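Engineer: Numbering (our numbering), first residue to last: 560 to 1505. Structure provided below as structure tokens; questions to follow.
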Amino acid sequence: VSHSLFKSSVDVSGLAETELIFPVAALIVLCFFYFSLFLMDALLCFYHRNEDLKQMLESSKDSAKLDAMKRIVGMIAKGKNASELFPAVVKNVASKNIEIKKLVYVYLMRYAEEQQDLALLSISTFQRALKDPNQLIRASALRVLSSIRVPIIVPIMMLAIKEASSDLSPYVRKNAAHAIQKLYSLDPEQKEMLIEVIEKLLKDRSTLVAGSVVMAFEEVCPDRIDLIHKNYRKLCNLLVDVEEWGQVVIIHMLTRYARTQFVSPWKDDEVVEEYSENNFYESDEEQKEKDRKVKNIYTMDPDHRLLLRNTKPLLQSRNAAVVMAVAQLYWHLAPKSEASIVSKSLVRLLHSNREVQYIVLQNIATMSIQRKGMFEPYLKSFYVRSTDPTMIKTLKLEILTNLANEANISTLLREFQTYVKSQDKQFAAATIQAIGRCATNITEVTDTCLNGLVCLLSNRDEIVVAESVVVIKKLLQTQPAHHGEIIKHMAKLLDNITVPVARASILWLIGEYCERVPKIAPDVLRKTAKSFTTEDDLVKLQILNLGAKLYLTNSKQTKLLTQYVLNLGKYDQSYDIRDRTRFIRQLIVPNEKSGALSKYAKKIFLAQKPAPLLESPFKDRDHFQLGTLSHTLNSRATGYLELSNWPEVAPDPSVRNVDVAESTKEWTGILGMTKKEKPTEKFYSESEEEEDESTNTSSSSRCLESNLHLHCLENCIFRTKTHELLHRMSGKGLAAHYHFSRQPGIFGDHMVSVQVTVTNTTDQKIENIHIKEKKLPPGMRVHEFNPIECLEPAESITVSMGIDFCDSTQMASFQLCTKDDHFNVNIQPPVGELLLPVTMSEKDFKKEQGMLTGMNETSATIAVAPQNSTRLVIIERVVKAANLGVVPSGQDNIHRFAAKTVHSGSLMLVTVELKESSTAQLVINTEKTVIGSVLLRELKPVLSQG
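Now the structure itself:
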């Protein structure tokens, strides 16, 4: 176009202005036209870019919908905006294809908060999805529902959370815990109802749920410590198996809990020295009494020790946050002698990325102030590398300064000399400050450090010189009488130093100690008076102070010079300088208007100043919990929960005890009677009425005797059958037997307790009996008993061990060893010993049984011997065969038992329903169908045999 407009070869330079207007205007119009076309194409492209996806989502074919959803989720993963597809996607939320439904919920979880109005239209579909057979759909529906931040659906969310908290799937229960926090932030008035759900979920034994519910607890009701009491030991034992971020949350919560429930383990460091030596005149009894007091100063609570023991393995975690959480727990809870075990793990984290290093080094800096010995063996790990960023260099320097002592100071000073030459000027300045702190803290090297800093005054770098001057000034304040030569040297450097802070420091030093340099001080004032108008405000203030001090101490030489400086300050542009000038003039130059204060001018200006304290900037951070945002910022952050002080007297530890057996009230419900306490009878009756009353009480007790016998039978823990572990002939005189004690939680929540009785049938003692060479199936674990040092002839000893059978009846094989021999042995559990009794009501039993139908139900019809049809015999035989708890029943012909598997916590529900003609229906409902089938096979002969 331009070519056609200017195709003539006429010289346009001489044309009139009007002759060029039309071709240029045509060119502009043409450009605008093409730009409009381009813009329209772009808009049409933008408008139609997702049309193909919308058409695929509206297709009748599931394959097209699935392909579209995969592409949409891929867009989300790449960070692209797919919100405009929300109406088309939400239509498919009710799809019967499970794969499509999963992807739809993935999309909805991302955009439900942004498109709340459209999401509300499908809320009935989300509610139906909460009943879906697939656990992923149920969990996703709950997540989408809790993401709709509209107050009107709060009741629906509350109901959904309550139902999800009782779901059989731990994944759904985990999402219920997450939803609790969202609902609380939406409507805090629901707090009381949410606390009930949290209390219920805290009792959950699934490791998948534990971290999420503790997070909800910390968010909603962190002050309700009473909810943790019964779950404390369970959380300690589950800790190793919880996912990493759940471990961090639980450890921080247990740290706060422990500080309220246990006494300080640091009391053993407060032993008074008067008990250490025996007084010449005191008796042995008095000395023994004092020794007893020393020994009883502190005894660690077993629950306190449980927490420390169970968190120690997590120091090997690959997650830096978990290691840091355990480190802060040991710092705040462990005895000082045990806290050092975290040092190596924290040093290991210094090989991580710089963000992790920064947080870890900040915490080490705080620790190294109070307990230097923890990190002294790792001194070289804190040496600065040239590749470290400034923030890491500064923190390492801080730690090295904290760890400095008489033994390593020479090595550190050589290291610091290298750091001063660094190209990083901020780091070099920090190094000079560190040298000053070392000189203050370690008096043996004060002179050495001071001489080194004086040498730095000749450095070419102004920042290094300025920082050296400031540090020297602080050091000279500690011993001014011995360093007159240094002050003179610094006065000579004043002409070359230009940094305001350094110049101000030199002037302050000369003014403060002007009597020690009487010839130099007036000359310095003369030089600075010449350059007064060009100086920085900070330097001007010190020139005024120097003039005032010299006026008071050497008025003959400096009177006129001081008045000249005061006149300059009187008309300075800065009001600070003008105010200081008026103040000094009235104070040192008395006149009629001067007040009584002028007579004290010398005391005011020449008063002895306290020496500055060179302290670590991390000294005041120890009141914040390590590893928290507040500690990092050195300021209280929103949501920070303070650690309480140790109690003087530990609260009642029995609140953490958990009763495994059935409660008295529920046993009473089974018996259909009310327990009555028998009053204590007096030895002598004071009247005949009391005798009659005593007689009546005795007779009523006899009437209840049979029922109480039944109660005791149900409530006791049966001693199970004893099995042979090692025959005395095979064991060369060493015999061993074992039985299952049915005592829960001795070695861990997942372990079955086994009691082993070892007998020496020889005439010689057997030494060092222990377990070795365990050959276990995958997942199975054995907690060994403590080695038996010596077993005398004909002596027996019973020890306890724990085995995690992983809910299987596979054998645990290992070697039982002595000092001289080893024997291969194995323990195989009956299926009934893989269970723990559960307390539940008849209503709860029926509800759980209703959820465990279909493939989760196993049943059989058996012939029951007449003598086995009474309630007492059925309970005795069933409970003896399997570790089941009796469930109250309102029907005489139906007997219910409940338990859970030791390893996974899966419910095991057993029902015995007596029929006519001496038959019974035996039904077992459980997710563990294999264990259920084996248990059914073992219970059948128990009930049918005579």
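Where is the CB? At the ideal position from N, CA and C, for every residue including glycine. Note that the coordinates shown come from a computational prediction; the quantities given were computed from them, not determined experimentally.
Under 9 Å between the Cβ atoms of S1372 and K1333?
Structural biologist: Counting from 1 along the sequence shown, the entry for residue 1372 is found at position 813. Counting from 1 along the sequence shown, the entry for residue 1333 is found at position 774. Contact flag set, yes.
Engineer: Could you tell me the distance, in whole angstroms, from the CA atom of I1186 to the CA atom of F941?
Structural biologist: To locate residue 1186, count along the sequence shown from 1; it is residue 627. To locate residue 941, count along the sequence shown from 1; it is residue 382. Per the sequence shown, the amino acid found at residue 1186 is Gly instead of Ile. G1186 and F941: Cα-Cα distance of roughly 19 Å.
Engineer: Is the segment 1404 to 1412 touching the segment 1471 to 1489 in the sense that three or more CB pairs, one from each, lie closer than 8 Å?
Structural biologist: yes
Engineer: Drop a sphere of 10 angstroms on the beta-carbon of H1286, count the other beta-carbons inside from all chains shown, and report buried for 16 or more, exposed for fewer.
Structural biologist: If you number the sequence shown from 1, residue 1286 lands on position 727. Exposed is the call here.
Engineer: Are the CB atoms of L1103 and R1139 nearer to each other than 9 Å?
Structural biologist: The residue you call residue 1103 lines up with position 544 of the sequence shown. The residue you call residue 1139 lines up with position 580 of the sequence shown. The criterion of a C-beta distance shorter than 9 Å is satisfied by L1103 and R1139.
Engineer: So, do the segment 1392 to 1402 and the segment 1333 to 1344 have three or more beta carbon pairs nearer to each other than 8 Å?
Structural biologist: no
Engineer: Please classify H863 as buried or exposed, where buried requires at least 16 other C-beta atoms within 10 Å of its C-beta.
Structural biologist: Locating residue 863 in the sequence shown gives position 304, counting from the first residue. Buried is the call here.
Engineer: Give the DSSP-derived three-state secondary structure of S1398 in the structure shown.
Structural biologist: Here residue 1398 refers to the residue found at position 839 of the sequence shown. It is Thr, not Ser, that sits at residue 1398 in the sequence shown. It is coil, neither helix nor strand.
Engineer: Using DSSP with H/G/I as helix, E/B as strand and the rest coil, what is M1410?
Structural biologist: Taking the sequence shown and counting its residues from 1, the one referred to as residue 1410 is at position 851. DSSP places M1410 in helix when its eight states are reduced to three.
Engineer: Hey, how far is the Cα of L866 from the Cα of K895?
Structural biologist: Here residue 866 refers to the residue found at position 307 when the sequence shown is read from its first residue. Here residue 895 refers to the residue found at position 336 when the sequence shown is read from its first residue. Going from the Cα of L866 to the Cα of K895 covers about 16 Å.
Engineer: With DSSP collapsed to three states, give me the class of L1333.
Structural biologist: By 1-based counting over the sequence shown, the position of residue 1333 is 774. One point to set straight first is that residue 1333 is Lys, not Leu, in the sequence displayed. In the structure shown, K1333 sits in a strand (DSSP, three-state: E or B).
Engineer: Tell me, please, whether the segment 1375 to 1389 touches the segment 1427 to 1435 by the rule of three or more beta-carbon pairs shorter than 8 Å.
Structural biologist: no
Engineer: Relative to the alpha-carbon of F685, which residue among I784, L701, H1298 and E755 has its alpha-carbon at the smallest distance?
Structural biologist: In the sequence shown, the residue the question calls residue 685 occupies position 126. Checked all of I784, L701, H1298 and E755; the closest Cα to F685 is L701.
Engineer: Around the C-beta of Y1130, are 16 or more other C-beta atoms found within 10 angstroms, so that it is buried, or is it exposed?
Structural biologist: Numbered from 1 along the sequence shown, position 571 holds the residue referred to as residue 1130. Counting Cβ neighbours within 10 Å, Y1130 comes out exposed, since fewer than 16 surround it.
Engineer: Under the rule that 16 or more other beta-carbon atoms within 10 Å means buried, what is M1288, buried or exposed?
Structural biologist: Within the sequence shown, residue 1288 is the residue found at index 729, counting from 1. So M1288 counts as exposed.
Engineer: Let me know the beta strand (DSSP E) ranges lying completely inside the segment 1407 to 1476, each 3 residues or longer, listed in chain order.
Structural biologist: The qualifying runs are 1416 to 1422, 1444 to 1446, 1453 to 1460 and 1466 to 1473.
Engineer: From I1433, V1445, E1475 and G1413, pick the residue whose C-alpha is nearest to that of T1488; which is it?
Structural biologist: Reading the sequence shown from its first residue, position 929 is the one you call residue 1488. Minimum Cα distance to T1488 is reached at G1413.
Engineer: For the pair the segment 777 to 790 and the segment 807 to 824, tell me if three or more CB-CB distances fall below 8 Å.
Structural biologist: yes
Engineer: Taking the straight line between their C-alpha atoms, what separation do you get for S619 and S654?
Structural biologist: Locating residue 619 in the sequence shown gives position 60, where the first residue counts as 1. Locating residue 654 in the sequence shown gives position 95, where the first residue counts as 1. Looking at the two C-alpha atoms, the distance is approximately 11 Å.
Engineer: Using the Cα positions of L797 and K637, report the straight-line distance between them to the nearest angstrom.
Structural biologist: As a working note, residue 797 is residue 238 in the sequence shown. As a working note, residue 637 is residue 78 in the sequence shown. The straight-line gap from Cα to Cα measures roughly 37 Å.
Engineer: Please report how far the alpha carbon of S1133 lies from the alpha carbon of D1096, in whole angstroms.
Structural biologist: What you label residue 1133 is simply residue 574 of the sequence shown in a count that begins at 1. What you label residue 1096 is simply residue 537 of the sequence shown in a count that begins at 1. Near 8 Å, if we compare the C-alpha coordinates of D1096 and S1133.
Engineer: In chain order, which beta strand (DSSP E) runs of at least 3 residues are fully inside the segment 954 to 1017?
Structural biologist: List check, beta strand (DSSP E) in window: nothing returned.
Engineer: Relative to the C-alpha of K762, which candidate in L786, Y743 and I739 has its C-alpha closest?
Structural biologist: Walking along the sequence shown from the start, residue 762 turns up at place 203. The candidate whose alpha carbon is nearest that of K762 is L786.
Engineer: Does the distance between the C-beta of V919 and the nearest non-hydrogen atom of the ligand ADP fall short of 8 Å?
Structural biologist: The ligand ADP is not part of the structure shown, which contains no ligands of any sort.
Engineer: Roughly how many angstroms lie between the CA atoms of L644 and K613, to the nearest whole one?
Structural biologist: Taking the sequence shown and counting its residues from 1, one reaches residue 644 at position 85. Taking the sequence shown and counting its residues from 1, one reaches residue 613 at position 54. Rounded to whole angstroms, the separation of the alpha carbons of K613 and L644 is 7 Å.
Engineer: Alpha helix (DSSP H) containing G1521: first to last residue?
Structural biologist: A question about residue 1521 goes unanswered here, because the residues of the chain that appear run from 560 up to 1505.
Engineer: Which of the three DSSP states, helix, strand or coil, is assigned to Q614?
Structural biologist: Position 55 of the sequence shown, counting from 1, holds the residue named residue 614. Helix.
Engineer: Can you give me the start and stop residues for the alpha helix (DSSP H) that I739 sits inside?
Structural biologist: Residue 739 sits at position 180 when you count from the first residue of the sequence shown. Per DSSP, I739 belongs to the alpha helix (DSSP H) from P729 to L745.
Engineer: List the endpoints of the continuous alpha helix (DSSP H) containing A775.
Structural biologist: In the sequence shown, counting from the first residue as 1, residue 775 sits at position 216. Per DSSP, A775 belongs to the alpha helix (DSSP H) from T766 to V779.
Engineer: Would you list the one or two residues that DSSP bridges to A1371?
Structural biologist: The residue given as residue 1371 occupies position 812 in the sequence shown. Looking at the DSSP assignment, A1371 forms a beta bridge with I1386.
Engineer: Use the C-beta contact count for A987: other C-beta atoms within 10 angstroms, 16 or more gives buried, fewer gives exposed.
Structural biologist: If you number the sequence shown from 1, residue 987 lands on position 428. Its Cβ being crowded by 16 or more others within 10 Å, A987 is buried.
Engineer: If you follow the beta strand (DSSP E) that L1494 is part of, which residue opens it and which one closes it?
Structural biologist: Locating residue 1494 in the sequence shown gives position 935, counting from the first residue. Unbroken run through L1494 is the alpha helix (DSSP H), T1488 to S1503; no beta strand (DSSP E).
Engineer: Give me, in chain order, the residues of the same chain whose beta-carbon lies closer than 7 Å to that of R1180; leave out the 5 immediate sequence neighbours on both sides.
Structural biologist: For the purposes of this step, residue 1180 is taken as residue 621 along the sequence shown, with counting starting at 1. The answer, listed in chain order, is T925, H1190 and N1193.
Engineer: Go through its chain and collect everything with a Cβ distance to D746's Cβ below 7 Å, but skip five positions before and after it.
Structural biologist: As a first step, residue 746 must be located in the sequence shown, where it is residue number 187. Same-chain partners within the cutoff: P710 and V713.
Engineer: For T990, is the classification buried or exposed, using 16 other Cβ atoms within 10 angstroms of its Cβ as the cut-off for buried?
Structural biologist: Looking up residue 990 in the sequence shown gives position 431. Classification for T990: buried.
Engineer: With a 10 Å radius around its C-beta and 16 neighbouring C-beta atoms as the bar for buried, classify G1198 as buried or exposed.
Structural biologist: For this step, residue 1198 is matched to residue 639 along the sequence shown. By the 10 Å Cβ count, G1198 comes out exposed.
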